[in-house]
Structure formats: C-alpha cells, structure tokens
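Student:
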Amino acid sequence: MLTAVYPGTFDPPTVGHVDIAQRCAAFFQKLYIGVGINSLKSNPVFSPEERVAMLRRVFGQHPKIEVVAFEGLLVDFVEEHAIRTIIRSVRTSGDIDFEISQASLNRRMTGVETFWISAKPEYRDLSSTLVQEIGRGGRSLENFVPKEIQQEVEQRLAGK
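Given below as structure tokens:
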C-alpha cells in the first residue's frame with residue numbers, strides 16, 4: 053500500500069494544512085496526518101488530543117486520511133507504520149534549506165523519502181503562529197482556519 057505521513061504540530065490547523073492534506077491524499081492510498089507532540093515547542097494553545105479531534109472533525113470520514121498523534125522521532129513513527137514517504141509543505145525559499153537537511157537525515161536513518169509540495173500562493177504567508185496572533189487580537193479567522201473548527205479556535209485564542 054502506498055502510504056505517506058504529513059506531520060506537523062497543527063496548533064491550530066489552518067486552511068493551508070487542509071489544502072496540503074487534500075492534495076496529497078489524491079496520490080496515496082493512505083495518508084496519515086501525524087500530529088507531533090513536540091517537547092521543544094512550549095506552551096501549545098491546544099493539547100495534542102484537541103488538535104487530533106479538530107483535524108478529525110475537518111476530515112470526517114475521508115476514506116484515505118487517518119489523523120493520529122505521535123511522540124518522539126518522526127522516523128520511529130514512520131518505521132512503526134511501514135511508511136515510505138514523508139510529505140512536507142514548502143511556503144517560502146526559507147523553508148527549503150531546513151527541509152532538505154531534515155529529509156537527508158530521515159533518509160539516512162530509515163530510507164524514507166520526503167516529497168515536498170508547494171503551498172498555494174494564497175496560503176504562502178499563512179502559519180499557525182500567524183493564526184494565533186490574529187485570533188488573540190479578537191479578529192475573525194474565517195479565511196484562515198477550517199469552518200468546522202473556526203468557533204472553537206476563535207474562542208480559545210480570544211480567551212473566552
């Protein structure tokens with residue numbers, strides 16, 4: 053089975069994340085959306101369980117997508133699930149050097165390949181950090197997060 057993982061912290065999930073996942077699901081028989089529990093990122097807005105639940109609401113019963121949380125190294129998750137491809141999105145040229153380095157390390161450790169997919173132009177400036185800043189300012193997140201989770205994200209970020 054041609055299986056891939058699209059990993060990230062997704063704190064919170066954005067419409068850019070959803071777009072990447074939907075586009076990639078067209079090329080794989082199964083796509084894991086791996087919600088990473090990253091000990092280096094302190095003070096997450098949403099717990100890993102909340103992020104998994106939000107992504108599951110967004111993707112509903114999509115036949116090719118499974119949302120899971122993982123802790124530790126991505127390569128361990130990849131080996132455990134017999135995944136041969138990691139999906140990474142690239143928004144700007146600044147992302148590329150980091151992603152090339154990560155892909156090289158992952159390939160050396162497990163042989164897994166990394167596929168990069170370019171963010172659509174309308175999502176290039178979009179990030180979870182930007183969404184957090186906009187939401188903390190009390191602004192609408194209508195164009196930034198999926199409608200299925202918009203109210204929940206806005207309320208959390210506005211401190212309501």
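First residue of the sequence shown: 53, per my numbering; consecutive thereafter.
Cβ atoms here follow ideal geometry from the backbone N, Cα and C, with glycine treated the same way.
Predicted, not measured: the structure shown is a model, and the values here were computed from it.
Taking the alpha-carbon positions, what's the phenylalanine 129 to phenylalanine 122 distance?
Tutor: Approximately 7 angstroms between the Cα atoms of the pair.
Student: At what residue ranges does the segment 55-90 contain a whole run of the alpha helix (DSSP H), taking only runs of 4 or more?
Tutor: Segments of the alpha helix (DSSP H) lying fully in the segment 55-90: 67-77.
Student: Per the DSSP calculation, phenylalanine 167 is bridged to which residue(s)?
Tutor: In the DSSP output, where bridge partners are listed per residue, phenylalanine 167 has Ile139.
Student: According to DSSP, simplified to helix, strand and coil, what is valine 120?
Tutor: DSSP places valine 120 in strand when its eight states are reduced to three.
Student: Spatial neighbours of alanine 59 within its chain, please: C-beta separation below 6 angstroms, excluding the five flanking residues on both sides.
Tutor: A quick correction: the sequence has proline, not alanine, at residue 59. Closer than 6 angstroms at the Cβ level, and outside the excluded window around proline 59, lie Gly86, Gly88 and Leu126.
Student: Would you mind working out which of Met106, His114, Ser99 and Pro96 sits nearest alanine 78, comparing C-alpha positions?
Tutor: Minimum Cα distance to alanine 78 is reached at His114.
Student: Would you say the segment 148-156 touches the segment 176-190, given that touching needs at least three Cβ pairs under 8 angstroms?
Tutor: The segment 148-156 vs the segment 176-190: no contact.
Student: Closer than 8 angstroms by C-beta to valine 104: which residues in its own chain qualify, once you throw out the five before and the five after it? Chain order, please.
Tutor: Result list for valine 104: Val87, Val119, Val120 and Ala121, in chain order.
Student: Is the distance from the Cβ of isoleucine 138 to the Cβ of alanine 210 below 8 angstroms?
Tutor: No; because the gap between Cβ atoms is not below 8 angstroms, this pair is not in contact.
Student: Apply the 10 Å Cβ neighbour rule to leucine 107 and answer buried if 16 or more other Cβ atoms are within range, or exposed otherwise.
Tutor: Buried.
Student: Give the single residue among Ile148, Glu132, Glu204 and Thr66 whose Cα lies nearest to the Cα of isoleucine 169.
Tutor: With distances taken between Cα atoms, isoleucine 169 lies closest to Ile148.
Student: For threonine 61, which option in Asp71, Glu165, Ser94 and Gln81 has the closest C-alpha, if you only look at C-alpha atoms?
Tutor: The candidate whose alpha carbon is nearest that of threonine 61 is Ser94.
Student: For the alpha helix (DSSP H) that contains asparagine 158, what are its first and last residues?
Tutor: Start and end: 145-162.
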